[in-house]
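Just so you know, the protein sequences line up as chains R and D, in that order.
Each residue of the first sequence is one higher than the one before, starting from 1 at the first, in the working numbering.
Each residue of the second sequence is one higher than the one before, starting from 1001 at the first, in the working numbering.
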Amino acid sequence: MRDLLNNKNFRWALAAVIVVVGIIVAVTDPVRFQILITSLSEGSFYALAALGIGLLFGVLRLVNFAYGDWVMLGGYALIVPSAAVTSTLLIGSFFPALVVICIVGFTIIIALLSEATVFRPLRNTTPPTMMIASFALGYVLQNLIIMIYGGRPKSAGIFPELLQSIDLAEGVSVPLLKIVTIGVTAILLILLTLFLHRTSVGVQMRAAAEDFRMARMLGVRANLVIAMAFVISGSLASFVSLLYVSQLGIMTFRMGTPIIVFAFIATVIGGMGSLVGSVVGGMVVGVSSVVLKNILPDSIRGFSDAFVFAIVIAILLARPQGLVPAKSASERV
Amino acid sequence: MTNASTEKASGATGGLTLEARQVSVRFEGLTAVDTVDETLHPGEILGLIGPNGAGKTTLVNAMTGFQMPADGQVLLGDKVASGLKPHWFRRHGVARTFQAGRLFRDMPVSENIEIAAVSMGLSRRKAHAHAMELLEWLGLADRAETPAGVLPYTDERRVGIARALAVRPDFVLLDEPAAGMSDLECDEMMRVVSEIPGKFGCGVLLIEHNMRVIMGVCERIHVLDSGRTISRGTPDEVQKDPAVIKAYLGHD
């Protein structure tokens, strides 16, 4: 049995069987189908967030806890900077495509500024130093928002049409946003994969993620690759931000914290430094969170996060290296 | 790319040299390389031999930016290059291989070579064609899509050579490419090394313990012992040099 579980092909086959059985079980019943869509959407959301973290870790060995605050800044950029009780949409009032472009551009600028001011000077220090610096950067960003916008929650209703429900099948009705979340994630994953495999900078980035020093020796331009990693991580943060605000319509300066906690856990159980792992980890966290919220008895439903974390601990005990570890990370010891 | 092509142009004229001038490298009191002089010319194959711990790899490290010499200078053409980083050397046409292949294990063999080519400014498509040409020449074309991590040790080193030769450097420094190879594989490695100057127009510095390989492909040989030059000359001259015989027998 152990031999079988150690076989890579067997593990993939097992995962595929579980996914297929899960889908078949789900589509035979309207309520379960609804749970499936919701959990895939939640999983996609965390997969996106986890990718933004996993990518920077892969290239720079940077655990970027300020990522959640990039997401938060992307949200606040939608409204007029003011401490007034009622918020007014600024960028958020543009037509949808322009909203997306502006917020993506804005978070990319924030990400590049973070790189230039904080992470570049610390590039030759140790990963723990960079991680602590990212915590500090996160708090600076949060307090900047408190200074400008005040500490109260801010409302920002964007893309209201996404909250309308649509009928997928007889008795299956889900908000359009769930489908959009899954679709946006799928498209971004495909674009990222194409970028990493088909473009010159993408190949250099994968090499740098595997062995940064060797890549540099071969002539890979460190500044270009790192800047590109921040650009991609920043734009992923902006999509997380837009999806989050469309869903909840409300923002606080602390909204990044739960996102980063779940996304970071997702990258760890997926396997630090592995992009496939980040996506798988995000899916596991999102799907198990939604499924547990739906199947737990009412009396303990409020504690569903505790069960999610129990699953996380169980996974880490069984596979401390993560579900889909980066080969380079395990073999370089 | 502009840098690489200007160096390329000067390399083509045959004037460019890679020179170690009175180079010394010390590690906390231990002198690993002691005032060594050597000049590598385009189109030649220079052997660098010596007993274990003679300072061969350290000298190569110094000549490729991996090690800052304590004294003396490394010159590329008439530019003083000691103190500059390894990637400066690579961008200016000085490439090397490592004893341990140091490939990107998760990436396919062809991409391992393409990395070097795209980071020197080639497009993805041209880089791929270039990598395939190199693999064809090495007889590894059928392994192009294999993940580098599963290659046998000896193939790993051949891919390392292809990666070093990407975008035609002016000089390539090979660190024990034939170590651990069978006689048959050594013959193949000798063919590969001896074809490099003609095919790529570059000067080769070869560190190797296998004397059959060294004597078979090198036009001249530099012998180090305990960091010092003890002999230099043609294979015949070096083999007959009493200092060389003493160094080898004395240490073994």
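Even for Gly, the Cβ is constructed at its ideal location relative to N, Cα and C.
Minimum Cβ-Cβ distance from glutamate 331 of chain R to chain D less than 8 Å: Note that glutamate 331 of chain R has pLDDT 40, beneath the 50 cutoff, so the model's placement of it is unreliable and no number is given.
CB-CB length for leucine 1205 of chain D against valine 1193 of chain D, believed under 8 Å: Wrong, their Cβ atoms sit about 11 Å apart, outside the cutoff.
Integer-rounded CB distance, given that glutamate 1019 of chain D should sit under 8 Å from threonine 1035 of chain D: About 14 Å; that fails the 8 Å criterion.
Near-chain R residues of the region 1185-1211 of chain D - C-beta to any C-beta below 9 Å: none
Identified DSSP bridge partners for leucine 55 of chain R: The partner list for leucine 55 of chain R (beta bridge, DSSP) is empty, contrary to what the question assumes.
Cβ neighbour criterion (16 or more within 10 Å) applied to asparagine 1210 of chain D: buried
Enclosing alpha helix (DSSP H) for serine 173 of chain R [first to last residue]: No alpha helix (DSSP H) contains serine 173 of chain R, which is instead part of the beta strand (DSSP E) from 172-175.
Alpha-carbon spacing of serine 134 of chain R relative to asparagine 143 of chain R, whole angstroms: 14 Å
Rounded straight-line distance, which links the Cα of glycine 1043 of chain D to that of glycine 1015 of chain D: 11 Å
Which of helix, strand or coil DSSP assigns to glutamate 1208 of chain D: coil
Classification of phenylalanine 57 of chain R by the beta-carbon crowding that lies within 10 angstroms, buried from 16 upward: buried
Given 8 Å, three or more beta-carbon pairs between the region 231-240 of chain R and the region 42-59 of chain R: yes
Valine 172 of chain R versus threonine 107 of chain R - alpha carbon distance: 36 Å
Secondary structure of arginine 1102 of chain D, DSSP reduced to three states: coil
Validate contact between the region 1144-1155 of chain D and the region 1175-1188 of chain D using beta carbons, cut 8 Å, 3 pairs: yes
According to DSSP, residues forming a beta bridge with glutamine 1073 of chain D: D/Arg1021
Contacts of glycine 219 of chain R in chain D (Cβ-Cβ under 7 Å): His1087, Arg1090, Arg1091, Ala1116, Ser1119, Met1120
Distance between glycine 273 of chain R and glutamine 1063 of chain D (C-alpha atoms, nearest Å): For the sequence presented, residue 1063 of chain D should be read as methionine rather than glutamine. Near 34 Å, if we compare the C-alpha coordinates of glycine 273 of chain R and methionine 1063 of chain D.
Chain-ordered neighbours of threonine 193 of chain R on chain D, where CB pairs are closer than 7 Å: What threonine 193 of chain R touches in chain D: nothing, since even the nearest Cβ is about 14 Å away.
Check: aspartate 1155 of chain D C-beta below 7 Å from any heavy atom of the ligand ATP: As presented, the structure is devoid of all ligands, the ligand ATP included, so that no description of it is given.
Entirely enclosed beta strand (DSSP E) segments - the region 35-118 of chain R, minimum 3 residues: none
Simplified DSSP assignment, three categories, for methionine 131 of chain R: helix
Coil, strand or helix - arginine 1090 of chain D by DSSP: helix
Reduced DSSP category for valine 1167 of chain D - H, G, I as helix; E, B as strand; rest coil: coil
For alanine 1081 of chain D and valine 1025 of chain D, believed in contact at Cβ under 8 Å, the rounded distance: 15 Å between Cβ atoms; not a contact.
Span of the alpha helix (DSSP H) around isoleucine 24 of chain R: 8-27
Other residues of its chain near valine 1118 of chain D: CB distance less than 7 Å, five sequence neighbours each side excluded: Arg1124, Ala1127
Partners in chain A for serine 1110 of chain D, counting only beta-carbon separations shorter than 7 Å: Structure shown: chain A not included; protein chains present are R and D.
In DSSP terms, what lysine 154 of chain R is bridged to: R/Met251
Rounded C-alpha distance that separates methionine 96 of chain R from phenylalanine 159 of chain R: Before going further, note that residue 96 of chain R is proline rather than methionine in the sequence given. Answer to the nearest angstrom: the Cα atoms are 7 Å apart.
Under 8 Å between C-beta atoms of alanine 1032 of chain D and glycine 1055 of chain D: yes
Where serine 1123 of chain D meets chain R, residues with beta-carbon distance less than 7 Å: Ser200
7 Å CB neighbourhood of glutamate 1176 of chain D in its chain, flanking five on each side removed: Gln1099, Ile1207, Glu1208, His1209
Contact set between alanine 215 of chain R and chain D, taken where Cβ atoms lie within less than 9 Å: Phe1104, Ile1115, Ser1119
Within chain R, the residues that methionine 1107 of chain D reaches when beta carbons sit closer than 9 Å: Val203, Arg206, Ala207, Glu210
Three-state class that DSSP yields for serine 1265 of chain D in the structure shown: Outside the displayed span of chain D (1001 to 1252) sits residue 1265 of chain D, for which this structure offers no information.
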